[in-house]
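Note that the numbering used here gives residue 134 to position 67 of the sequence shown, counting from 1, and the numbers run on in steps of one.
The C-beta atom is built at its ideal place from N, Cα and C for all residues, glycine as well.
Model, not experiment: these values are computed from the prediction.
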Amino acid sequence: MSASETKSEYHAEPGTVDPSGTISGSGDPEISSSGSGTIHVVSHCLLNPSSRLRGLKDPPSFETAGRTVIQLPCPETIVFGLNRREITKDQLDHPFYRRFCRKLFTPYADMIEMYYRNGYNIVFYGVPKSPSCACELTSIGGIGGKDRKDRPFENRIVPGKGVFFEEMEQMLHERNVRFTCRDAVRSGRKSGPISGRRLPVLKRSQTSFTDGSDFCHRPSADFCHG
């Protein structure tokens with residue numbers, strides 16, 4: 068499972084999961100005595116499935132042995148708790164939540180910047196379809212207000228980052244920190260080309276963004292929310 072490399076400073080490519088369901092590393096060398104290597108920055112629920120929205124399948128386990136890992140916090144669990152309902156990016160795209168995400172990530176940004184300045188590669192692992200922690204695919208939709216039989220909750224999967232990852236990306240951009248961002252996915256998914264930034268239904272698996280960064284993603288029904 069590979070992705071085309073790009074010249075963009077901030078680009079995404081898919082995470083790799085072996086047939087056993089374990090997310091593999093980036094292929095970069097791990098930390099060496101000289102201080103070079105890779106820092107794996109992992110979405111919270113990839114290491115703690117208990118934080119996920121109830122009713123979702125557990126994500127593939129992330130193999131931490133021999134890797135230097137930073138586990139991100141889960142903003143949705145902190146704000147909405149463990150009994151939260153299904154939401155999309157549209158419900159989180161407001162000033163307070165974005166300010167909260169920036170404040171939450173600030174000490175992590177400080178730490179990641181220090182690693183980057185000391186020669187480490189930075190790799191983020193996101194959660195496909197998450198309204199907060201998606202790197203490549205997120206969910207939108209869901210009309211506000213009381214649920215009604217004639218207006219059920221509906222969402223769409225579209226190319227894009229979740230709110231938390233958008234704010235993280237902006238903060239690292241402001242610090243001139245380069246990184247790679249990947250959605251963790253299961254193996255065995257078929258891929259094919261698509262184009263456009265917003266799709267009513269995601270059926271195929273490669274997209275080109277307007278900034279010129281091309282990447283592949285393999286959507287997984289096993290991921291929905293971070």
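Just to confirm the assignment, what range does the beta strand (DSSP E) spanning Ile137 have?
Reading the sequence shown from its first residue, position 70 is the one you call residue 137. Note, Ile137: beta strand (DSSP E), 135 to 138.
Which term fits Pro198, buried or exposed, when burial requires 16 or more other beta carbons within 10 angstroms of its beta carbon?
Translated into positions along the sequence shown, residue 198 becomes position 131. Pro198 is buried by the Cβ-count criterion.
Terminal residues of the alpha helix (DSSP H) in which His111 lies:
As a first step, residue 111 is located in the sequence shown; it is residue number 44 there, counting from the start. Segment 111 to 114, the alpha helix (DSSP H) holding His111.
Give every residue of the same chain whose Cβ lies closer than 6 Å to the Cβ of Val108, excluding the five residues on either side of it in the sequence, and list them in chain order.
If you number the sequence shown from 1, residue 108 lands on position 41. Only Ile137, Phe191 meet the Cβ criterion.
Closest to Tyr183 by C-alpha separation, out of Ser118, Val252, Tyr164, Leu239, would be which residue?
For the purposes of this step, residue 183 is identified with residue 116 of the sequence shown, where counting begins at 1. Comparing Cα positions, the closest option is Leu239.
Assign Ile106 to buried or exposed, taking buried as 16 or more other Cβ atoms, counted over all protein chains shown, within 10 Å of its Cβ.
By one-based count along the sequence shown, residue 106 stands at place 39. Buried, because 16 or more other Cβ atoms sit within 10 Å of the Cβ of Ile106.
Coil, strand or helix - Asp157 by DSSP
As a working mapping, residue 157 is identified with position 90 in the sequence shown. Looking at Asp157 - three-state DSSP - the assignment turns out to be helix.
Output the distance between the C-alpha atoms of Cys248 and Gly229, rounded to the nearest integer angstrom.
As a working mapping, residue 248 is identified with position 181 in the sequence shown. As a working mapping, residue 229 is identified with position 162 in the sequence shown. Using only the alpha carbons, I get a separation of about 12 Å.
Same chain only: Cβ atoms within 7 Å of Glu234, ignoring 5 sequence neighbours per side
Indexing the sequence shown from 1 puts residue 234 at position 167. Counting only Cβ-Cβ distances below 7 Å, and skipping sequence neighbours, we find Arg165, Cys168, Arg169, Phe172.
May I ask you to report which of helix, strand or coil DSSP gives Leu204?
To locate residue 204, count along the sequence shown from 1; it is residue 137. Note: Leu204 maps to strand in three-state DSSP.
Residues in its own chain within less than 6 Å of Leu139 by CB, not counting five upstream and five downstream?
Within the sequence shown, residue 139 is the residue found at index 72, counting from 1. Excluding residues within five positions, the ones whose Cβ falls inside 6 Å are Ser110, His111.
Opposing strand residues paired with Asp226 [DSSP bridges]:
Working through the sequence shown from its first residue, we reach residue 226 at position 159. Residue 226 is actually Pro in this sequence, not Asp. According to DSSP, which records beta bridges pairwise, Pro226 is partnered with Leu204.
Label Ile145 either buried or exposed according to how many other C-beta atoms from any shown protein chain fall within 10 Å of its C-beta, with 16 as the threshold for buried.
Looking up residue 145 in the sequence shown gives position 78. That one is exposed.
Using a Cβ-Cβ cut-off of 7 Å (strictly less than) and excluding sequence neighbours within five positions of Arg151, which residues of its own chain qualify?
Taking the sequence shown and counting its residues from 1, the one referred to as residue 151 is at position 84. Closer than 7 Å at the Cβ level, and outside the excluded window around Arg151, lie Leu120, Glu143.
Since Arg218 and Ile207 are thought to touch, with beta carbons under 8 Å apart, how far apart are those beta carbons, to the nearest angstrom?
Counting from 1 along the sequence shown, the entry for residue 218 is found at position 151. Counting from 1 along the sequence shown, the entry for residue 207 is found at position 140. The pair is not a contact, with the Cβ atoms about 16 Å apart (cut-off 8 Å).
Roughly how many angstroms separate the alpha carbons of Ser258 and Lys216, rounded to a whole number?
Counted from its first residue, the sequence shown places residue 258 at position 191. Counted from its first residue, the sequence shown places residue 216 at position 149. Here Ser258 scores only 29 on pLDDT, less than 50, and its place in the model should not be relied on; the value that follows carries that caveat. Looking at the two C-alpha atoms, the distance is approximately 35 Å.
Looking at the unbroken alpha helix (DSSP H) that takes in Phe191, where does it start and where does it end?
By 1-based counting over the sequence shown, the position of residue 191 is 124. From DSSP, Phe191 is part of no alpha helix (DSSP H) but of the beta strand (DSSP E) over 187 to 193.
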